[in-house]
Amino acid sequence: MLLVVLRQLACHQMEDSTEDEIMLRSGGAQVFPNEGEHVITAGNSAFMEKPIISAGDVNVELWEEDWPDPDDYLGTVTIPANATGARTGEFTRDEAHYTLHYTAVQF
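In terms of our numbering, the sequence shown has 69 at position 87, counting the first letter as 1, and numbering is strictly consecutive.
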């Protein structure tokens, strides 16, 4: 089994011009924030301690709320089932750039 703890999402470049309203999703469910969106701007980070347990790979998607239009998909970080240690993954779609920091532990 794999335990992944999402720790930090760093924004290097936003998708929108003034601020991004972001959500992380995994397995079809929103994992950060618990509800709604988290407002973030370039040069800032969102900190979290979000555990995900899986028997296989973990896919984490980044979305940017774009009401009234459909939300913008900013990419997926795939965490392999055999991952261990502190790691990072990049979201780079739609001219945005974010880094996800996470820790993976086998148990």
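For every residue, glycine included, the Cβ atom is placed at its ideal position computed from N, Cα and C.
Neighbourhood of residue i by C-beta distance below 7 angstroms, restricted to the same chain and skipping five residues each side
{"i": "aspartate 39", "result": "Thr60, Ile61, Pro62 and Ala63"}
{"i": "asparagine 26", "result": "Cys(-7)"}
{"i": "threonine 70", "result": "Thr81, Leu82 and His83"}
{"i": "valine 21", "result": "Glu1 and Glu3"}
Close beta carbons around residue i, own chain, < 6 angstroms, minus the five adjacent residues each side
{"i": "valine -14", "result": "Ile34, Val40, Ile61, Tyr84 and Ala86"}
{"i": "glutamate 47", "result": "Glu3, Glu19 and Asp53"}
{"i": "leucine -12", "result": "Met30, Lys32 and Tyr84"}
{"i": "glutamate 43", "result": "Arg7 and Thr58"}
{"i": "histidine 79", "result": "His(-6) and Gln(-5)"}
{"i": "arginine 75", "result": "Leu56 and Gly57"}
For residue i, the first and last residue of its enclosing beta strand (DSSP E)
{"i": "methionine 5", "result": "2 to 8"}
{"i": "phenylalanine 14", "result": "11 to 14"}
{"i": "alanine -8", "result": "-16 to -5"}
Classification of residue i by the beta-carbon crowding that lies within 10 angstroms, buried from 16 upward
{"i": "glutamate 73", "result": "Residue identity differs from the one stated: residue 73 is phenylalanine in this sequence, not glutamate. By the 10 Å Cβ count, phenylalanine 73 comes out buried."}
{"i": "methionine -4", "result": "buried"}
{"i": "serine -1", "result": "exposed"}
{"i": "tryptophan 49", "result": "exposed"}
{"i": "phenylalanine 89", "result": "exposed"}
{"i": "alanine 68", "result": "exposed"}
Same chain only: Cβ atoms within 8 angstroms of residue i, ignoring 5 sequence neighbours per side
{"i": "glycine 10", "result": "none"}
{"i": "methionine -17", "result": "Ile35, Ser36, Ala37, Gln88 and Phe89"}
{"i": "threonine 66", "result": "Ala86, Val87 and Gln88"}
Within the stretch 28 to 86, ranges of the beta strand (DSSP E) (whole runs, at least 3 residues): Qualifying beta strand (DSSP E) stretches, in chain order: 40 to 46, 54 to 61 and 67 to 73.
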